[in-house]
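Enquirer: One structure, pasted below without further comment.
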Amino acid sequence: MKIFLHYFPFLSFAIYFKEFFFFPLFLFPFPLVFCRLERDLMTRTDRFGVEVRERVMWDIREGVVGAETFIPKHVVITTWKNVSFAGGIDNSLFTTNTFQMVLATDEVYTYAIFNYGVINWSSHTEAGGDTTRGEGGVPAYVGFNAGNGTQSYEYTPYSQDMVVRDLTGRGWGNGFPGRHIFRIDERILIGSCNKDIDASHLPLTFAPESGNMLGGTVVNITGPCFDPNVRVMCHFDTEDVLGHYVDKNRVICIQPFLKAEGYIRLEISVGNERFKWRGKYFVETPDAAAEKIFFETDDVHRKAPKEIRINWNAYNLTTNANANIMISLWGYRETTIHPQLEYIDVIEAGLTNTGHYIIAPQNYANRNNINNDLQFGFLQINLTDPQQYNGLQISPILWSKPIPLGWYFGFQWERKYGRKWPRALCDNWIRSDRFLRNFAADLPLCPCTLEHALYDKGRYRPDRECDKDSNPTCLRHKGATHCVVSGTPTGQGAEQQCCYDRYGFLMLSYDQMWGSRPRRIHNLGKMPWNEASKVPTLSTWFHDMRPFYSCCFWQEEQAVGCETFRFERRPSQDCVAYQAPGVAGVFGDPHIITFDGTQYTFNGLGEFVLARSVDAEHRFEIQGRFEQMPPNQHGAVAATQLTALAMRGNTTTTIEVRLRPKEARWRYKMDVLADGRRIYFDRESLKFQHFDGVTVYTPTYLLNQSEVVVMFDSGIGVEVVENEGYMTGRAYLPWHFINKTSGLFGNWSFNPLDDFVLPNGLMLTLNVNDFEQLHKDWAMKWMLADRDLSGLGSALFTREFGKSASYYSNQSFVPNYEAEPENFLPANRSYDIERAEELCGESYQCRYDYGMTLNRDLAHFTKNYYDSIINIRTLNSKRILSCGVLETPRFGRKLSFNFMPGAKVSFECNEGFVLIGDQRRECLSNGLWNMPEYGYTECLREVYYTRRVAFIAIGIILAVILPLMLCIVCGAYRFRQKQLKEDPQWQMSLPRSRASSRTNLRQISNGPDDDSDTDQLGTIKKSRSYDKVYHTNEPLPGKPRIDFPAKKWDLDEEDFTSSEGSGNKDSKLAKDIEYINKTGEKTKQVGRRPLHSSSGQDEGTAIDEQDELDDVGSLQSPTYKRNGFTDLPNGLKQQQYSPTFSAIDSRNSGASSMSYQPNQTRYGGVAVLPNANGQFFNRTSYARPAPIVTALSQENGLPSPTHGASPTPSVQKSTEV
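Quick note: the sequence shown, position 687, residue 687 per the UniProt record's numbering, numbers continuous.
Here you go:
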């Protein structure tokens, strides 16, 4: 490397030198560094060495904000003394300028110190100045240029202005007038105040440019010139803090507690002025902020650790090793709509700043804090007496990552809730969480495998908590190798999490407590951030992390609270309905693969639409810039390559990713711009940056920005990768964009035939092998301009250095339209053709690129990019079947967590439990678990299992024996019924009272001459019923059909109870029936009522029941009078009319079989003695003659109207048929 000093004056660093006769030089991307210098300060006379390096180091540290750790490795001091201007006369030689420049770098950061001593002239004669004093015309340009086409800086208001002479009295770097200090690497920061400019929006210089959301970051600010007697107010987003004066160039503001994330506005006002000095300040969430307090082990996460060891960098507080510090504890809660970050206790005060400390939780066992409901919080370290060390009443603050507070409050919670205080905390949380809304419905589904998760760039990004590249410990997800989370919050502010085991399968909370857990609150929070349940990280810990400790981490995995947390409140979502995104890409010089898989080559020169949505609801635009390939050894190359991508969602921030020039790729490979502002990802806390509707990140293992991923709220992802100066861009679209895309990536419809659609909607049919037709008739129609075009939109690229869309566009550019090298390379270059075949094989894209550029790197990465996108498309197009969740039985375990077709899962129970149900389940090829053969699988305690078996046995007995007994009884009954029908001699035993009663009736009816063969002492024939349906198969064939009149088959109730007697006997006789007993023949007994004579008296001699009872003893007293009987002449007693009991029943029943008849009770019943009364049942019959009983005829047995004056209406019933 050579350093060139020019007389203009400027200083350049290059391998070669070019002389320039004009300035400024910032429009030309030559590999030079130019520094315009104006004056010299007295140079040092001592040798360059340690002293000079130390002087430069401390001047820069104290002069520029953010340079507190700068240690220069190289220093260049250049002085121009008594320099006159060009074109002047002899007298002008006494009009000179003296100035000096100091360059210092540590090979990462570079600083320039400009020292202006004397400025007597401002312009030479060629710039319009006079020849004697160098005044008038256009003053000199003041500034510097990176020289590599990336950045330049013009020092306003001095450059090319008459106030350039004021440089000697301005600046005040390190307190010296005329000293101006700058940082001039990737970020240009000014270290000198400027009071001579005024505008509505002035750039503010501050460092650091980011800080922890919890506050305490010391922000050094430079911009206007400050006065110790003038108040400075700093405005962070919505919070105001007072600035502290350091010197004329610097004030310090302590960042307050901010409920926000990402880039916010930082503004300052001086005195009574408005906030016109502005900048962008990045707020780091507590979970993503740079870790300042380190825990040696994970003991802080335990329920009751013995000790907690912490470390910190002592120089982050002060360089004084003897300074005293204080360690305090803070907590967070959301009891109202306003979030609360509260102070809890002092852990240690007056501790020497040694950088390490051991916390003993037992020392806080007797604390009794009022705010003991705080379950998580932070450790804070700050200076005890900052005034002693920096002269200010402010101190830098170091914060830890969020930690649970069981180690501190555990003793108090045990006194309050008992030894099972984690269960009480968990139950309280479960009750409160059940009142909150359901959030899981809007979450995207988890991919089934890790491969799918890694290539779903639009919806998932690596989880800091468990990242295979940066944090493989996975404390809260043991057994996982990698986790991903949704990149942006859902509409309700929720976040999806998907973790994968060593085999690449999704881990579910139904299987183990370390599985994937969706979160109610996204780590990025939700607008407005200043409300409860919307604060970044803090609300996530309050609603999702905190209960994991109290319900699972501090309890058994199979505790009721943990299972409620895993199965009900935070269950994993399976991947049954997951749909992989569609992929399209561009690479090489350039080659394009559409969403439908169409492959073609297009070498347009300019800015083009790659993909855009035609749906107004989900709008997005992806644009690409193609520039001509650099020339090879044979001359210009008629091909282009992708050099920049710009993209935007519906109303999101515009993101641009562009390739840096070759000379500028030593540190960063690509530039990333958000709304035109460069952003960098070279620190851990800046790896993931969220903007309005879009998240941008780089892989955690990369620091050179060679891979950038852009994620939109709609699920669209764009991946940009750079290797050796060659870019590729891949777009990932979810399925709701099917049939809604257009551009060079085609119409995504799973039909390659409709990919070539013009901006006006007209569809073309083109041959992808005809590069010329495709180029002219279709692809060039998608070229962009600076103005808005119908069907295209306007270009989204940031314009710098006057380069508009027309600067890059060239419609007359004619590329090579041949695909194979043998078709466009001369015949004498057969070696290049063979080399292309050797390097590329079957890839025509690789052969084409090598044949055009003869660059092996381009050919290699073209093939690499082609293989990558083909593999991704193949992976995403493969259908993944999943049987979904198979719950683990409580108090049991699964021997496998696989849920893919063919997986066989066995169950086991813990000791003391018995497995019930299927011991094995299989995932079938149709994506369903096989049906259980023995029921739902569960684990029962042995005592419960024993009870269940006993109850099942009893149930079997009741379910089998009882029905069997009923069947036997029914069978016996049916058998008896059958016997009754088949054997007319079949008899049934009756009770003696009923048997004697019916025998008496039979004797009355048949008289002494009845020749029945029935045993009259014990049984009678069972009455038969003829009320059935009989099939006679009528009418008979060939016979006339005759309808017979209805017949009266038997006596009805009225025939027995009618009071009309025998006076109308003839009217009751059917005319079509021949009566046999019309001549007064002896009638038969057909009822239980006594037979009546024509005079109304009962025929036969009555049996004196009282005489019968005298032998066995009366059941009533001698004075008892039987109700229902009336005295008749001749000393007979007649029972009054009853439809149920007749006089013959009460007196003569069973007269022929037994000499004893029981008395009828006062209610008409028959008194029956107990079975033990053998006298009643075993009494011998009396030898007395049978009474003479008149047979019962149709008119007998009915109440006679002659015994009463007139029948009552109740007995005046007709017996007509």
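The beta carbon of each residue, even a glycine, is placed where N, CA and C say it ideally should be. Just so we're clear, the structure is a prediction, and the values are computed from it rather than from any experiment.
Where does W421 fall in DSSP's three states?
Expert: Residue state, collapsed to three classes: helix.
Enquirer: Evaluate the contact criterion for the stretch 285-293 versus the stretch 370-377: three or more CB pairs, one atom per stretch, below 8 Å.
Expert: no
Enquirer: If we count the other Cβ atoms within 10 Å of its Cβ and call it buried at 16 or more, is W795 buried or exposed?
Expert: Rather than Trp, the amino acid found at residue 795 in this sequence is Ala. By the neighbour-count criterion, in which a residue is buried when 16 or more other Cβ atoms sit within 10 angstroms of its Cβ, A795 is buried.
Enquirer: What's the C-alpha gap between E656 and G178?
Expert: 39 Å
Enquirer: Looking only at its own chain, which residues have a Cβ that is under 7 Å from the Cβ of Q573, when we skip the five neighbours before and after it?
Expert: A440, L443, L445, C446 and P518
Enquirer: Is it the case that the stretch 239-246 contacts the stretch 416-436, given that we only count it when at least three CB pairs across the two stretches are under 8 Å?
Expert: no
Enquirer: If you drop the 5 nearest sequence neighbours on each side, which residues of the same chain put their C-beta closer than 7 Å to that of P139?
Expert: S122, S123, Q160, D161, M162 and V164
Enquirer: Considering only C-alpha positions, which residue in the set I344, G458 and Y153 is nearest to G693?
Expert: G458
Enquirer: Take P396 as the anchor and find which of A323, R648, Q919 and R683 has the nearest alpha-carbon.
Expert: A323
Enquirer: Report the residue from S882, I327 and D166 whose alpha carbon sits nearest the alpha carbon of T449.
Expert: S882
Enquirer: Which of the three DSSP states, helix, strand or coil, is assigned to N136?
Expert: In the sequence under discussion, the amino acid at residue 136 is Gly, which differs from the Asn named in the question. In the structure shown, G136 sits in coil (DSSP, three-state: anything other than H, G, I, E or B).
Enquirer: Tell me where the beta strand (DSSP E) around L379 begins and ends.
Expert: F376 to L383
Enquirer: With DSSP as the reference, identify every bridge partner of T728, one or two as the case may be.
Expert: V721
Enquirer: Who pairs with Q340 in a beta bridge, going by DSSP?
Expert: R333
Enquirer: Leaving out five residues on either side along the sequence, give the residues of the same chain with a beta carbon under 8 Å from the beta carbon of E68.
Expert: R61
Enquirer: Do you know how far the Cα of S269 is from the Cα of K276?
Expert: 7 Å
Enquirer: Opposite L506 in the DSSP bridges: which residues?
Expert: Y500
Enquirer: Determine the contact status of P815 and N603, defining contact as a CB-CB distance below 8 Å.
Expert: yes
Enquirer: Do T698 and V710 count as a contact pair if the criterion is CB distance below 8 Å?
Expert: no
Enquirer: Do you know how far the Cα of Y315 is from the Cα of T384?
Expert: 15 Å
Enquirer: Tell me whether Q1175 is buried or exposed, calling it buried when 16 or more other Cβ atoms sit within 10 Å of its Cβ.
Expert: Bear in mind that the predicted position of Q1175 carries a pLDDT of just 43, short of 50, making it unreliable; the figure below should be weighed with that in mind. Classification of Q1175: exposed, given that the 10 Å Cβ count is below 16.
Enquirer: Which stretch, first to last residue, makes up the beta strand (DSSP E) that contains P462?
Expert: Y460 to P462
Enquirer: Tell me the DSSP secondary structure of N366 in three-state form.
Expert: The answer is coil: DSSP assigns N366 none of H, G, I, E or B.
Enquirer: DSSP puts H356 in a beta bridge; with which residues?
Expert: N311
Enquirer: Do you know offhand how far L762's Cα is from I880's?
Expert: Near 36 Å, if we compare the C-alpha coordinates of I880 and L762.
Enquirer: Three or more beta-carbon pairs under 8 Å between the stretch 355-373 and the stretch 525-545, yes or no?
Expert: no
Enquirer: With distances taken Cα to Cα, identify the nearest neighbour of H356 among F295, Y332 and Y408.
Expert: F295
Enquirer: Determine, using beta carbons only, whether G49 and T95 come nearer to each other than 8 Å.
Expert: no
Enquirer: Can you list, in chain order, the residues of its chain whose CB lies under 7 Å from that of G1113, leaving out five sequence neighbours each side?
Expert: Unreliable positioning characterises G1113 in this predicted model, as indicated by a pLDDT of 42, which lies under 50. A coordinate reading is not provided.
Enquirer: As a quick exercise: from E563, M213 and P224, pick the residue whose alpha carbon is nearest that of L204.
Expert: P224
Enquirer: Quick one: give me the first and last residue of the alpha helix (DSSP H) that residue 1221 is part of.
Expert: This structure gives no information on residue 1221, because the portion of the chain shown stretches from 1 to 1217.
Enquirer: To the nearest angstrom, how far is the alpha carbon of F681 from that of T285?
Expert: 15 Å
Enquirer: Identify, in the order they occur along the chain, each residue of the same chain with its Cβ nearer than 8 Å to the Cβ of Q623, setting aside the five sequence neighbours on each side.
Expert: E607, F608, V609, L610, L645, A646, M647, L784, A795, L796 and F797
Enquirer: Tell me the DSSP secondary structure of C483 in three-state form.
Expert: strand
Enquirer: For I592 and I870, I'd like the C-alpha separation in whole angstroms.
Expert: 12 Å
Enquirer: For a test of the three-state rule: what should DSSP assign to Q1085, helix, strand or coil?
Expert: Bear in mind that a pLDDT of 49 at Q1085, under 50, signals an unreliable position, so the number given afterwards is only what the model happens to contain. Three-state result, Q1085: coil.
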